[in-house]
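For the sequence shown, position 142 matches number 142 in UniProt numbering, and the numbering has no gaps at all.
Glycine included, C-beta positions come from ideal geometry on N, C-alpha and C.
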Amino acid sequence: MKSVQLAHGSGGQAMQQLIGDLFMQAFANPWLAEQEDQARLDLAALAAQGDRLAFSTDSYVIDPLFFPGGNIGKLAVCGTANDVAVSGAIPRYLSCGFILEEGLEMATLEAVVASMADTARAAGIAIVTGDTKVVPRGAADKLFINTAGIGAIPADVRWGTQQISAGDVLLVSGTLGDHGAHHP
Numbered sequence: 001m002k003s004v005q006l007a008h009g010s011g012g013q014a015m016q017q018l019i020g021d022l023f024m025q026a027f028a029n030p031w032l033a034e035q036e037d038q039a040r041l042d043l044a045a046l047a048a049q050g051d052r053l054a055f056s057t058d059s060y061v062i063d064p065l066f067f068p069g070g071n072i073g074k075l076a077v078c079g080t081a082n083d084v085a086v087s088g089a090i091p092r093y094l095s096c097g098f099i100l101e102e103g104l105e106m107a108t109l110e111a112v113v114a115s116m117a118d119t120a121r122a123a124g125i126a127i128v129t130g131d132t133k134v135v136p137r138g139a140a141d142k143l144f145i146n147t148a149g150i151g152a153i154p155a156d157v158r159w160g161t162q163q164i165s166a167g168d169v170l171l172v173s174g175t176l177g178d179h180g181a182h183h184p
């Protein structure tokens, strides 16, 4: 079984192959195709969607990596997109950083990346830049992901804690503050 090796994070040929064969193919878009260390985003296109940007980042360090309804990759895309969306913005772009433990099964990484790609595409989000590091066995728990997201906030949307006042109606679809919590 193929697995992640330290060489996949060293910047050399193994890393370039991992990037080209996995990430570039799964997340394919014009920004990644430039093969730069950053994404150059068209400000005019974003400005046409709103007058402000929402920008958020989050890290995902969960066990197990796969759970009913998803995995760490889907959670990373949905979680950061949600953080941007709750400001009233339309999430458009994500960055994605991976910290991989040496020995992680390549099939696991491939499944997580495919899930991220599918989830992002379904939401109209492009994963436009990223980073990959590999740490020695035992230095991490299989796979960690950090994502950062950007979206434009339409000019007529003014949401925020400053706009909340007594008497406002709050719609709740589940137990507050209970996402992912385990009770004995």
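> Do the CB positions of residue 129 and residue 80 come within less than 8 Å of each other?
Replying inline: Within the sequence shown, the letter at position 129 stands for residue 129. Within the sequence shown, the letter at position 80 stands for residue 80. Result no, Cβ atoms of residue 129 and residue 80 do not sit closer than 8 Å.
> Opposite residue 56 in the DSSP bridges: which residues?
Replying inline: Numbered from 1 along the sequence shown, position 56 holds the residue referred to as residue 56. According to DSSP, residue 56 bridges with 149.
>> Quick check: what's the CA-CA separation for residue 103 versus residue 60?
In response: Taking the sequence shown and counting its residues from 1, one reaches residue 103 at position 103. Taking the sequence shown and counting its residues from 1, one reaches residue 60 at position 60. Their backbone Cα atoms lie some 19 Å apart in a straight line.
> In the DSSP assignment, what residue or residues form a beta bridge with residue 126?
Replying inline: In the sequence shown, residue 126 corresponds to position 126, counting from 1. Answer is 93, bridged to residue 126.
>> Assess contact between the region 77-96 and the region 125-139, defined as three or more Cβ pairs (one per stretch) separated by less than 8 Å. Is contact present?
In response: yes
>> Within a Cβ cutoff of 8 Å, which residues of the same chain sit near residue 22, ignoring the five residues on either side of it in sequence?
In response: Start at 1 with the first residue of the sequence shown, and residue 22 comes out as number 22. These residues qualify, in order along the chain: 109, 110 and 113.
> Assuming residue 153 and residue 85 make a contact with CB atoms under 8 Å, what is their CB distance in whole Å?
Replying inline: One-based indexing of the sequence shown puts residue 153 at position 153. One-based indexing of the sequence shown puts residue 85 at position 85. About 10 Å; that fails the 8 Å criterion.
> Based on the DSSP secondary-structure assignment, which residues constitute the bridge partners of residue 131?
Replying inline: In the sequence shown, counting from the first residue as 1, residue 131 sits at position 131. Partner(s): 97.
> Could you give the uninterrupted runs of the alpha helix (DSSP H) lying entirely in the region 1-29, keeping only those of 4 residues or more?
Replying inline: 13-18
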